[in-house]
Amino acid sequence: MPLNNYAIIESTLREGEQFSTATFSTAQKLEIAGMLDQFGVEMIEMTSPCASPQSEADIRAVVAQNLNARILTHIRCNRDDALRALDTGVHGIDIVIGTSPQLMEHSHGKSIRQIVDLAADVLSFVREQAPDIILRFSTEDTFRSRESDLLRVYLAVADLGLVNRLGVADTVGVAMPQQVEAMVRQLVRLTRLDVEFHGHNDSGCAIANACAALEGGATHVDTTVLGIGERNGITPLGGLMARLYTLDRSYVEKYNLPLLPQVDAMIANICGLSIPFNNYITGASAFIHKAGIHAKAVLADPGTYEILRPEDFGLVREVAIGHRLTGWNAVRQRAQTLGLNLDDATLRAITQDVKRRADVQPLNLTEVDQLLMAAAGQ
Ligand code: HCA
Ligand code: CU
Numbered sequence: 000m001p002l003n004n005y006a007i008i009e010s011t012l013r014e015g016e017q018f019s020t021a022t023f024s025t026a027q028k029l030e031i032a033g034m035l036d037q038f039g040v041e042m043i044e045m046t047s048p049c050a051s052p053q054s055e056a057d058i059r060a061v062v063a064q065n066l067n068a069r070i071l072t073h074i075r076c077n078r079d080d081a082l083r084a085l086d087t088g089v090h091g092i093d094i095v096i097g098t099s100p101q102l103m104e105h106s107h108g109k110s111i112r113q114i115v116d117l118a119a120d121v122l123s124f125v126r127e128q129a130p131d132i133i134l135r136f137s138t139e140d141t142f143r144s145r146e147s148d149l150l151r152v153y154l155a156v157a158d159l160g161l162v163n164r165l166g167v168a169d170t171v172g173v174a175m176p177q178q179v180e181a182m183v184r185q186l187v188r189l190t191r192l193d194v195e196f197h198g199h200n201d202s203g204c205a206i207a208n209a210c211a212a213l214e215g216g217a218t219h220v221d222t223t224v225l226g227i228g229e230r231n232g233i234t235p236l237g238g239l240m241a242r243l244y245t246l247d248r249s250y251v252e253k254y255n256l257p258l259l260p261q262v263d264a265m266i267a268n269i270c271g272l273s274i275p276f277n278n279y280i281t282g283a284s285a286f287i288h289k290a291g292i293h294a295k296a297v298l299a300d301p302g303t304y305e306i307l308r309p310e311d312f313g314l315v316r317e318v319a320i321g322h323r324l325t326g327w328n329a330v331r332q333r334a335q336t337l338g339l340n341l342d343d344a345t346l347r348a349i350t351q352d353v354k355r356r357a358d359v360q361p362l363n364l365t366e367v368d369q370l371l372m373a374a375a376g377q
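Numbering that gives the first Met the number 0 puts the sequence shown at residues 0 to 377.
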């Protein structure tokens, strides 16, 4: 089974910091890392120490927290960056270099041959300095790179026998799930190394692509809380949980799922965002049932219209009542909750009354309750 043996590389403190409204203070980074660790992510990736003096100090501070999660930092493929990263005491280093024609021309100006030589030089350098460090090599913009170029680079790197993991990155969010799965499968077959997937969400496939990567044999998936990152971000932690849970709950039971609402709220708050109404699991409407037909079935058995159980995430379902689509089952349930003993004819009459009123303006729950209590003579 491919999907029950994977790890999350939580990159809110790296990719997430590249989100337009994210600037994390040291205290916030410690809080975020602590909460992600409690949630149970296996690895936490942090901004390069070369980004700024504070970024460097913050890596040391998070490493000093002695969390269960391994702390990684993310650097360009050069010795100077590697030396700075090693000096912070991180447990792992993620190295990346662009291989697409676009990035080779406009980002670093190197040819594939030069990339291979540079990777060999930098990876050997890191391994000499730190024999036990977790070392990953990724190509940036994997899915716009020529396949022959990718294979030259990945096979050369794998042959060095120095890295723990290869990474593939859908940097611009262009890949389709089938492509991701095929690419990962090919890399696993050819190199037998662990493979990580990092996917942007520009065209809405980040979660599907992460899942496809796992199907192809990936061992690591990058996420950020709420999916924050460059542009519209990457695979969201909560969305990945939802996707994997619905395949098989056992895939996510290693994580502290009831903490997810707090994790999402923390990042929303720090970044000055509100959690979107349609967010996976923690969106305000994720567990609200409305139409009478839905309400009736959900009240009888939540599994009729819920593939995720809200209680597994510390949340509760809600049945909306005060609207024109309501049905008498929802009204009866509300009466029972209030401890009111009303016969069916009365409940049906109240339901019709709610519908008539809601045609003019939806009722809030207090207004529905008042109708029910008036009918019960209270
Ligand atoms: C970027 C780099 C990266 C790196 C991903 C990785 C990407 O900011 O452009 O190292 O796995 O999306 O390619 O985030
Ligand atoms: Cu990215």
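From the three backbone atoms N, C-alpha and C, an ideal C-beta is built for every residue, glycine too.
Whose CA, out of L337, V167 and Y304, lies closest to the CA of H293?
-> Within the sequence shown, the letter at position 294 stands for residue 293. Among L337, V167 and Y304, the Cα nearest to that of H293 is on Y304.
S99 versus P48, S137 and L243, residue with shortest Cα-Cα distance | Within the sequence shown, the letter at position 100 stands for residue 99. Among P48, S137 and L243, the Cα nearest to that of S99 is on S137.
Of the residues R331, D263, N65 and A283, the one placed nearest G291, counting alpha carbons only | Locating residue 291 in the sequence shown gives position 292, counting from the first residue. When each option's Cα is compared against that of G291, the closest is R331.
Helix, strand or coil: how does DSSP classify I287 here?
-> For the purposes of this step, residue 287 is identified with residue 288 of the sequence shown, where counting begins at 1. In the structure shown, I287 sits in a strand (DSSP, three-state: E or B).
Cα-Cα separation, C270 to A21 = Stepping through the sequence shown from its first residue, residue 270 is reached at position 271. Stepping through the sequence shown from its first residue, residue 21 is reached at position 22. So the alpha carbons of these two residues sit roughly 5 Å apart.
Take V95 and list the residues in its own chain whose beta-carbon comes closer than 6 Å to its own, dropping the five residues that flank it on each side.
-> Working through the sequence shown from its first residue, we reach residue 95 at position 96. Non-local C-beta neighbours of V95 in its own chain, meaning closer than 6 Å and more than five positions away in sequence, comprise S137 and E139, ordered along the chain.
Keeping to the same chain, check which residues put their C-beta closer than 8 Å to that of L122; ignore five residues upstream and five downstream.
-> Working through the sequence shown from its first residue, we reach residue 122 at position 123. Hits under 8 Å: I94, L134, F136, V156, L159, L161 and V162.
Exposure of M0, with buried meaning 16 or more beta-carbon neighbours within 10 Å | Along the sequence shown, read from residue 1 onward, the residue named residue 0 stands at position 1. Bear in mind that a pLDDT of 47 at M0, under 50, signals an unreliable position, so the model cannot answer this.
Can at least three beta-carbon pairs, one atom from the segment 53 to 61 and one from the segment 254 to 265, be found at a separation below 8 Å?
-> Too few Cβ pairs lie closer than 8 Å, so no.
Is the beta carbon of E9 within less than 7 Å of some heavy atom of the ligand CU?
-> Position 10 of the sequence shown, counted from the start, is the residue given in the question as residue 9. At a cut-off of 7 Å, the beta-carbon of E9 does not count as near the ligand CU: no heavy atom of the ligand is closer than that.
Under 8 Å, do L236 and V224 count as touching if we go by C-beta distance?
-> Here the question's residue 236 lines up with position 237 in the sequence shown. Here the question's residue 224 lines up with position 225 in the sequence shown. Yes, these two residues count as a Cβ contact at 8 Å.
Mind checking which residues open and close the alpha helix (DSSP H) that includes F124?
-> Counting from one through the sequence shown, the residue named residue 124 turns up at place 125. Membership of F124 in the alpha helix (DSSP H) is indicated by the continuous run I111 to Q128.
What residue ranges within the segment 164 to 227 form continuous alpha helix (DSSP H) runs of no fewer than 4 residues, ordered along the chain?
-> If only complete runs of 4 or more residues are kept, the segment 164 to 227 shows the alpha helix (DSSP H) at 176 to 190 and 205 to 214, in order along the chain.
Let me know if H105 comes out buried or exposed under the rule of 16 or more other beta-carbons within 10 Å of its beta-carbon.
-> Position 106 of the sequence shown, counting from 1, holds the residue named residue 105. Exposed: under 16 other Cβ atoms inside 10 Å.
Simplified DSSP state of M0, which is helix, strand or coil = For this step, residue 0 is matched to residue 1 along the sequence shown. No answer about M0 holds up, because its pLDDT of 47 lies below 50 and its placement is not dependable.
Excluding five sequence neighbours on each side, which residues of the same chain lie with their C-beta closer than 7 Å to the C-beta of I114?
-> Within the sequence shown, numbered from 1, the residue matching residue 114 stands at position 115. Exclusion of the five residues before and after I114 leaves I96, T98 and V152 as the residues of its chain whose Cβ lies within less than 7 Å of its Cβ.
Consider the C-beta atom of I233 and the heavy atoms of the ligand CU; say whether any pair is separated by less than 7 Å.
-> Counted from its first residue, the sequence shown places residue 233 at position 234. A distance criterion of 7 Å places the beta-carbon of I233 in contact range of the ligand CU, judged by its closest non-hydrogen atom.
Counting pairs of beta carbons, one from the segment 36 to 46 and one from the segment 61 to 78, are three or more of them closer than 8 Å?
-> Because the criterion of three Cβ pairs below 8 Å is met, the segment 36 to 46 and the segment 61 to 78 touch.
Would DSSP call H107 helix, strand or coil?
-> Translated into positions along the sequence shown, residue 107 becomes position 108. Looking at H107 - three-state DSSP - the assignment turns out to be helix.
Examine the Cβ distances between the segment 231 to 251 and the segment 208 to 222 and report whether three or more of them are shorter than 8 Å.
-> A contact exists between the segment 231 to 251 and the segment 208 to 222.
Extent of the continuous beta strand (DSSP E) run through S137 | As a first step, residue 137 is located in the sequence shown; it is residue number 138 there, counting from the start. From DSSP, the beta strand (DSSP E) with S137 extends over I133 to E139.
When you get a sec, list the residues whose CB is within less than 5 Å of any heavy atom of the ligand HCA, chain order please.
-> Answer in sequence order: V95, S137, E139, G166, A168, T170 and H197.
By Cβ distance, which residues of its chain are closer than 7 Å to D148, with the 5 residues on each side in sequence left out?
-> What you label residue 148 is simply residue 149 of the sequence shown in a count that begins at 1. Closer than 7 Å at Cβ, skipping near neighbours: T98 and I111.
How would you call F196, buried or exposed, if buried means at least 16 neighbouring beta carbons within 10 angstroms?
-> Translated into positions along the sequence shown, residue 196 becomes position 197. Flag for F196 reads buried.
Report yes if the C-beta of H219 is less than 7 Å from at least one heavy atom of the ligand CU; otherwise report no.
-> Within the sequence shown, the letter at position 220 stands for residue 219. Incorrect: H219 has no Cβ contact closer than 7 Å to the ligand CU.
Based on the DSSP secondary-structure assignment, which residues constitute the bridge partners of I8?
-> Residue numbering aside, residue 8 sits at position 9 when the sequence shown is read from its first letter. I8 is bridged to M42 and D221.
Out of curiosity, what's the CA-to-CA distance linking C76 and L102?
-> Counting from one through the sequence shown, the residue named residue 76 turns up at place 77. Counting from one through the sequence shown, the residue named residue 102 turns up at place 103. The straight-line gap from Cα to Cα measures roughly 14 Å.
Which value, in whole angstroms, describes the spacing of the CA atoms of E252 and V315?
-> By 1-based counting over the sequence shown, the position of residue 252 is 253. By 1-based counting over the sequence shown, the position of residue 315 is 316. Roughly 19 Å between the two C-alpha positions.
Quick one: grab the DSSP three-state call for V251.
-> Within the sequence shown, residue 251 is the residue found at index 252, counting from 1. Coil.
CB-CB under 8 Å to P25, same chain, minus the five flanking residues each way: which ones, in chain order?
-> Along the sequence shown, read from residue 1 onward, the residue named residue 25 stands at position 26. Note that residue 25 corresponds to Thr in the displayed sequence, not to Pro. Cβ within range, chain order: Q53, A56, D57 and A60.
When you compare only the Cα positions, how much space is there between A129 and F276?
-> The count along the sequence shown starts at 1 and reaches residue 129 at position 130. The count along the sequence shown starts at 1 and reaches residue 276 at position 277. About 46 Å.
Nonlocal neighbours in the same chain, by C-beta distance under 6 Å from M240, ignoring five residues either side = Counting from one through the sequence shown, the residue named residue 240 turns up at place 241. Excluding residues within five positions, the ones whose Cβ falls inside 6 Å are V251.
Cβ separation of G215 and V183, assumed to be a contact under 8 Å, to the nearest whole Å = Counting from one through the sequence shown, the residue named residue 215 turns up at place 216. Counting from one through the sequence shown, the residue named residue 183 turns up at place 184. About 3 Å separates the CB atoms of G215 and V183; that is less than 8 Å, so the two are in contact.
What number of angstroms, rounded off, separates the C-alpha of K289 from the C-alpha of M265?
-> Sequence index remark: in the sequence shown, residue 289 carries index 290 (1-based). Sequence index remark: in the sequence shown, residue 265 carries index 266 (1-based). Going from the Cα of K289 to the Cα of M265 covers about 28 Å.
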